[in-house]
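Asker:
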Amino acid sequence: MCTYMYKIPVGEELNRYGGPYVDRHPHLKIKVVDGSSLAVAVILNSIPKPTTQVVLRGNLTKVATLHQDEYIKLTKSLSATESSLVLAESHAHKIWLVGDGLTEKEQLSAPSGTLFVPFSQLPPKKLRKNCFYHYTPAMKIPTSLENVHSCENWLPRRVMSAWRIAGIVQDGWKEHDCDSTMSALRKFGKQVFDMAFTLLSSPHNRCYYL
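Numbering (this note's numbering), first residue to last: 61 to 270.
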């Protein structure tokens, strides 16, 4: 029986999101989970349809960016999706996927009515009263889970972050969920819904101006 580790200190600069540790220990009896695959699945389902273009701003390898030097780095590391990456020359798009690297200047440059969808574990500082702010990647927990109130103080009651849910959902899996490779999006999507986790509603649907 495998024991599952929920979180290890990971980051591109520190240890490539846990990748080298897994590479050095190919016969681990535990599975290293950073929750990135489920977080991406939640974010993709948070983008209003039929959106065709978004601005992405934040830490590297899992995002595109407004800055040319980071754009070049992304196109080198994500060759399979290079044709889908375009260096933004304006701030006209109203769907922004944002992370820890978002600056106040960038946020203030977004057009009125922009929806900020965080892909980070911490939410951005809310500077705009004429824009929408989605929750950080999270889902409502099943009613069968008892004695659970709030996961983070910026999330509603009985809502759990995607990274924590990943540690629950992956129990019994035989693969790791770390490094910059995320190949389990469909599997995650099916399993979380089978376990009765549900997506949060869009801020557009509840007039969530802040």
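By construction, the Cβ of each residue, glycine as well, lies at the ideal position given by its N, Cα and C atoms.
Given the structure is predicted, the values throughout are model-derived calculations rather than measurements.
DSSP three-state label for D237, please.
Answerer: Taking the sequence shown and counting its residues from 1, one reaches residue 237 at position 177. DSSP places D237 in strand when its eight states are reduced to three.
Asker: Between which two residues does the alpha helix (DSSP H) harbouring V158 extend?
Answerer: The residue you call residue 158 lines up with position 98 of the sequence shown. Unbroken run through V158 is the beta strand (DSSP E), I155 to V158; no alpha helix (DSSP H).
Asker: The alpha helix (DSSP H) with A170 in it runs from where to where?
Answerer: For the purposes of this step, residue 170 is taken as residue 110 along the sequence shown, with counting starting at 1. Where A170 is concerned, there is no enclosing alpha helix (DSSP H), given that its DSSP letter is neither H nor E.
Asker: Would you mind sorting K91 into buried or exposed? The rule is 16 or more other CB atoms within 10 Å of its CB.
Answerer: Taking the sequence shown and counting its residues from 1, the one referred to as residue 91 is at position 31. Flag for K91 reads buried.
Asker: Who are the Cβ neighbours of C211 in its own chain at under 8 Å, not counting the five residues just before and after it?
Answerer: On the sequence shown, residue 211 is found 151 positions in, with the first residue counted as 1. Correct list, in chain order: A198, V219, M220, S221 and R224.
Asker: Just list the residues that DSSP pairs K89 with in beta bridges.
Answerer: Start at 1 with the first residue of the sequence shown, and residue 89 comes out as number 29. Paired residues: none, contrary to the question.
Asker: Since V93 and G227 should fall inside the 8 Å C-beta cutoff, what is the C-beta to C-beta distance between them, to a whole number of angstroms?
Answerer: Within the sequence shown, the letter at position 33 stands for residue 93. Within the sequence shown, the letter at position 167 stands for residue 227. Confirmed, Cβ separation roughly 5 Å.
Asker: List the whole-angstrom C-beta distance separating V158 from P171, where the pair is believed to meet the contact cut-off of C-beta under 8 Å.
Answerer: Numbered from its first residue, the sequence shown carries residue 158 at position 98. Numbered from its first residue, the sequence shown carries residue 171 at position 111. With a Cβ gap of about 14 Å, V158 and P171 do not count as contacting.
Asker: Report yes if the C-beta distance between V183 and W156 is below 8 Å; otherwise report no.
Answerer: Position 123 of the sequence shown, counting from 1, holds the residue named residue 183. Position 96 of the sequence shown, counting from 1, holds the residue named residue 156. Per the sequence shown, the amino acid found at residue 183 is Pro instead of Val. The answer is no: Cβ separation not under 8 Å.
Asker: Let me check understanding here. Comparing Cα to Cα, which of Q251, S262, A256 and S261 lies closest to L98?
Answerer: Against the sequence shown, residue 98 aligns to sequence position 38. L98 has its Cα closest to that of Q251, out of Q251, S262, A256 and S261.
Asker: If you reduce the DSSP assignment to three classes, tell me which class L193 lands in.
Answerer: Working through the sequence shown from its first residue, we reach residue 193 at position 133. The sequence shown places Tyr at residue 193, not Leu. Strand.
Asker: Just verifying my parser: in three-state terms, what is the DSSP assignment at S210?
Answerer: Start at 1 with the first residue of the sequence shown, and residue 210 comes out as number 150. Taken through DSSP and simplified to helix, strand or coil, S210 comes out as coil.
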